[in-house]
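One line per chain: the protein sequences are A and B, in this order.
The first sequence begins at 0 in numbering that gives the first Met the number 0 and counts up one residue at a time.
The second sequence begins at 0 in numbering that gives the first Met the number 0 and counts up one residue at a time.
Think of the CB as a built atom: it goes at the ideal place given N, C-alpha and C, for glycine as much as any other residue.
As the structure is a computational prediction, the values presented were derived from the model and not from experiment.
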Amino acid sequence: MFFRLLWESFRRQRRRKLLAGVAILLGATAVTAMLALATTIGDRIHRELAVYGANIVITPAAAGLDVNVGGVDLRPATANAYLKESDLDKLRGIFWANNITGVSPELDLSGMMLKVAPMDTLGYGPSAVWHVGDPRMDGSEAVPVTGVGYWFARPFGNLTTGAPQLHPWWKITGRWPGDHEVRSTHAEEAEEIAIGATLARRFGLHIGDWIHMGTEFEGDIVGIVTAGDATDERILFPLDATVMGSPVDAAGHGGVPESSAVSRVEISARTRPEDTFARKDPETLSPSQREIWYCRPYANSIAFQIREAIPGADAQQVRRVEQSEGNVLKRISGLMWLVSAAALVAAGFAVSAAMATAILERQGEIGLLRSLGASRTAVAALFLAETAVLAVVAGLFGFLCGSGLAAWLGRRLFPTDAAGAVFNPVLLPVVIGLALAVAAAGSTPAIRQALKLEPSAVLRAGA
Amino acid sequence: MAVATHAAARRGTRLALPRMLRQSLLHRRSRSLSALLAMTVSAAVATALLTLYSDLDAKLHREFRGFGANVVVAGAANRPGDALPPDAAARVQTAAGADATVAPFAYAVATTDRGTPVVVAGMDVDATRRLNTWWKVDAWPGAASAEAVLGQKAANFVADEHAVKLTFAGRSISLRGVGRLRTGGDEDSRIYLPMSAFTAWTGVGPGAVEVQVPGGAAKVEAAVTRMRSALPGLSVNPVRALVEGENRIVDRTRALMFGSVVLIALTVGVSVLATMSASVLERRRDFALMRALGGSQGQLLQMFLLEALLLAGAGVVAGWIVGSAAAWVISEANFDTATLPRLAVVPPVLLLNLVIAAIASVLPARVLRGLEPAALLKGE
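Here is the structure:
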């Protein structure tokens, strides 16, 4: 009987149920979409903020003082300290390794560059020569040009990373050089390189030209970079090909280059915005506090773990990026959460009002049931069961719609995102639970009110 | 006779409309209150979200100020070591606008008492403090003092951090070190002192002016154009990564907020519709009675509509106050700055509420039209 009443109520009052159902459905859609967006906004904005570059930088601890103004190295040429490229693998073993989203090592080499007249007779020749430490270039028209070794698209764990990933504002005409790609086009060995736009203009270089580098190498220009900073005046070559930057002596012979040396490593990591606890010096903390500090993804903790993992390395958070990024991240996700809360309150309020109305409308029905001998409990159970069925069904559809909407909005707004999971199963019980709670909160007082009235009075009034 | 009664009834209805309206609202007080509450909620939500939304750009752009300079002015060769004209900073300020933060820097390579070359920079202490909020400084030097802050790396290359002895072109200076500077960038390897002390010692003037133009890409571009024409012969470069990133993030956040506003407005709208139209449907009997007394379909619809619009209007007044308060609280909690109530959001909020109210009263009219007054009154 109970189930039959329930069934008939849905079958016969389709329009009324539809309106209340749509209200719950829309409420659940809004809440699902907002929660789904609010829980992922942190990662998304972090990825957007990646345009500001690395938030942690590793340098050799023993390095001399940088004498560098506006990207121009004014340091006298002296022996400098380097990190080992092979040590970078140790980054994959630190506690927060999975939070590292990009790694870009670099090796700076100060060289001299000289424009060369095209060798028409042969039809093939370098457009310029770039040598490191070549005394023969002193006093010539050669100008100082820095060459930098980078990774371009290097597999690192399950990341593919390098300079273009860490500097998304760099614009390339042509393409990035390939790592590991040594091709022998002529007698000399060749590597692909990219050059800065200002340098290209100054030397009249184009894609397809090549530069004589080191002693026996040709650098084929495959791309021209516009960065808006000192990189515009540099040569970018694959880090594997540092042999091209080996010093050339007075006799024109190449020296042996420092193998797999790296002068600086930029790291992009997902971090937690800094709070008072993050600023503490781990050495001053008690062991248990230190453990907590160590296991939180603060930039400071990650830098600390990097220093532990790589001997001789000094890792620091880049405060300009890290401090402001944390702030922006906090504000935007805070905003999303507050708006979600507002959505929740408003939707809850509106839906429970709609549910209350839906019950109040049916006072006559309640009166009839009561006069036919149904107990108060039975009537309340029937109406609450109706409410529950409505809430679960509409909540489920709302969850599906909301998840789809969040995925669609996410893709529209953040097209760079890798497609994440559309459905967040954790949200399903939350949304259904909220729908049940809100619907029950709306209908319970209305049911109680309707039950308080005398059946005869209700029937007469409602006739 | 029928005609006379009808005419009298019509006249009566016309005269009594305000009275009927008042009675209708007062008699079913709880029903009217719940409808008013529903309209207030919809107006409050719309007000709160629109108020936040209209202020969002300014608020987000302010957060991005933490990233520091977004335009750098340097000599023609774009090398911050080359000196600029002495009045460059003042001219940059004029061209960039009064709300821009302008900080000139001068650079020289000096030698420490340990014989290490080090970049020494002169700065305008106040402007640098405002511009580079991310600098972690133990203490700032006095504006016209012979004091210095030492980058955390540079500090390792001087003999005494508190009495820093430097030599530039054969002229030495002794500075009182007031603390260390930590940034994780180039600044770590430098020593910063006030511009006046720097110029008196080295004779070198500002070599670069860092500018922060508040606002989005369009404002920065406009300021760059103004600076380029006001400072011919100098290179004026926007920090592209900052400008582009800022705009993209602000745009996306705004679009996200806009989506939320539409979604929430829709949800609340439909719920209010359900509440309001139920309240009209519930009064079938009143409707039938009035029809039986000679009221026309149009008159009754007019009355329902008027009643709903009245409630909607009252809802907007209450909702605007509640919504503005909610926006103020949200913005105070999240951005630490208040968002002031805006009268400009009233028209769209009013429109939204009126549309909801109109639909809520017209929609059930279709149902009512099909009803026979006599049957309804008999209770069938």
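Excluding five sequence neighbours on each side, which residues of the same chain lie with their C-beta closer than 7 Å to the C-beta of residue i?
i: V249 (chain B); result: D56, L59, H60, G215
i: V317 (chain A); result: A53, N54, I55, V56
i: A19 (chain A); result: A353, M354, A357, L389
i: V124 (chain B); result: W139, P140, A142, P193
i: G173 (chain A); result: I206, V221, G222, I223
i: L381 (chain A); result: F1, L4, L5
What span of residues does the beta strand (DSSP E) with residue i cover, start to end?
i: E105 (chain A); result: 99-114
i: Q315 (chain A); result: 312-316
i: N236 (chain B); result: 234-237
i: V101 (chain B); result: 100-111
i: K152 (chain B); result: From DSSP, K152 (chain B) is part of no beta strand (DSSP E); its letter is neither H nor E.
i: E209 (chain B); result: 207-211
i: T283 (chain A); result: Per DSSP, T283 (chain A) belongs to no beta strand (DSSP E) and is neither H nor E.
The alpha helix (DSSP H) spanning residue i covers which residue range?
i: P134 (chain A); result: Segment: none, P134 (chain A) is in no alpha helix (DSSP H) and carries neither H nor E.
i: Y293 (chain A); result: 286-293
i: S8 (chain A); result: 1-11
i: L404 (chain A); result: 375-412
i: A193 (chain A); result: Careful: A193 (chain A) lies outside any alpha helix (DSSP H), inside the beta strand (DSSP E) at 188-195.
i: W327 (chain B); result: 296-334
i: S267 (chain A); result: From DSSP, S267 (chain A) is part of no alpha helix (DSSP H) but of the beta strand (DSSP E) over 263-268.
Residues of chain A with CB closer than 8 Å to the CB of residue i, please, in chain order.
i: E220 (chain B); result: Ordered by position in chain A, no residue passes the 8 Å Cβ test against E220 (chain B), which lies about 13 Å from the chain.
i: K152 (chain B); result: L64, D65
i: A325 (chain B); result: A341
List, in chain order, every chain B residue whose beta-carbon is nearer than 9 Å to that of residue i.
i: S323 (chain A); result: E62, F63, R64, G65, F66, G67, T132, W133
i: S44 (chain A); result: Note that residue 44 (chain A) is Ile in the sequence shown here, rather than Ser. Near I44 (chain A) (Cβ distances below 9 Å), the residues of chain B are I248, R251, T252.
i: V56 (chain A); result: G183, G184
Note down, in chain order, every chain B residue with its Cβ under 7 Å from the Cβ of residue i.
i: I463 (chain A); result: The structure shown has nothing for residue 463 (chain A), since chain A only spans 0 to 462.
i: F348 (chain A); result: V40
i: A353 (chain A); result: S270, A273, T274
i: L371 (chain A); result: Under the 7 Å cutoff, chain B gives no residues; its nearest Cβ is about 18 Å from L371 (chain A).
i: S413 (chain A); result: Correcting the residue identity first, residue 413 (chain A) is Phe in this sequence and not Ser. Residues of chain B passing the Cβ test: R251.
So, is residue i buried or exposed, given that buried needs 16 or more other C-beta atoms within 10 angstroms?
i: I210 (chain A); result: buried
i: A199 (chain B); result: exposed
i: P237 (chain B); result: buried
i: A222 (chain B); result: buried
i: A105 (chain B); result: buried
i: T39 (chain B); result: buried
i: R13 (chain A); result: exposed
i: V208 (chain B); result: buried
i: R319 (chain A); result: buried
i: E190 (chain A); result: buried
i: A162 (chain B); result: exposed
i: T77 (chain A); result: Unreliable positioning characterises T77 (chain A) in this predicted model, as indicated by a pLDDT of 48, which lies under 50. A coordinate reading is not provided.
Along chain B, in chain order, which residues have C-beta atoms closer than 8 Å to that of residue i?
i: G26 (chain A); result: T266, S270
i: Y51 (chain A); result: F66, A240, L241, G244
i: E47 (chain A); result: G244, R247, I248, R251
i: G124 (chain A); result: Within 8 Å Cβ-Cβ: nothing; G124 (chain A) doesn't reach chain B, min ~30 Å.
i: F202 (chain A); result: Those do not exist, as F202 (chain A) stays about 16 Å from chain B at its closest Cβ, beyond 8 Å.
i: R318 (chain A); result: W133, W134, K135, R181, T182, G183, G184
i: N326 (chain A); result: E62, G65
i: G227 (chain A); result: N236, P237, V238, R239, A240
Leaving out five residues before and five after residue i in sequence, what residues of the same chain have Cβ atoms less than 8 Å from its Cβ?
i: M256 (chain B); result: L48, L51, Y52, L55
i: T4 (chain B); result: Bear in mind that a pLDDT of 49 at T4 (chain B), under 50, signals an unreliable position, so the number given afterwards is only what the model happens to contain. These residues qualify, in order along the chain: G293.
I want to verify the contact list: residues of chain A whose CB lies under 9 Å from the CB of residue i, in sequence order.
i: V101 (chain B); result: Per Cβ cutoff of 9 Å: no residues; V101 (chain B) is ~17 Å from chain A at best.
i: V118 (chain B); result: L64, D65, V66, N67, V68, L73
i: M289 (chain B); result: Those within 9 Å of M289 (chain B) in chain A number zero; the least Cβ separation is about 17 Å.
Please list, in chain order, all residues of the same chain as residue i whose beta carbon is under 6 Å from its beta carbon, the five residues on each side excluded.
i: T159 (chain A); result: A152
i: M275 (chain B); result: A34, A359
i: A308 (chain A); result: K89, I93
i: T182 (chain B); result: W134
i: V315 (chain B); result: A42, V348, L349, N352
i: A196 (chain A); result: I223, T225, D231
i: V344 (chain B); result: T46, L49, T50
By the criterion of Cβ-Cβ separation under 7 Å, what are the contact partners of residue i in chain A?
i: S33 (chain B); result: A352
Problem - Every unbroken beta strand (DSSP E) inside the region 29-88 of chain A [3 residues or more] - result: 55-59
Problem - Uninterrupted beta strand (DSSP E) stretches inside the region 204-229 of chain A (no shorter than 3 residues) - result: As far as the region 204-229 of chain A is concerned, its whole beta strand (DSSP E) runs of at least 3 residues are 209-212, 216-225.
Handout entry: Segments assigned beta strand (DSSP E), at least 3 residues, entirely inside the region 228-275 of chain B
Key = 234-237
Handout entry: Whole runs of the beta strand (DSSP E) within the region 125-203 of chain B, excluding any shorter than 3 residues
Key = Within the region 125-203 of chain B, the complete beta strand (DSSP E) runs of at least 3 residues are 146-150, 162-167, 170-181, 189-193.
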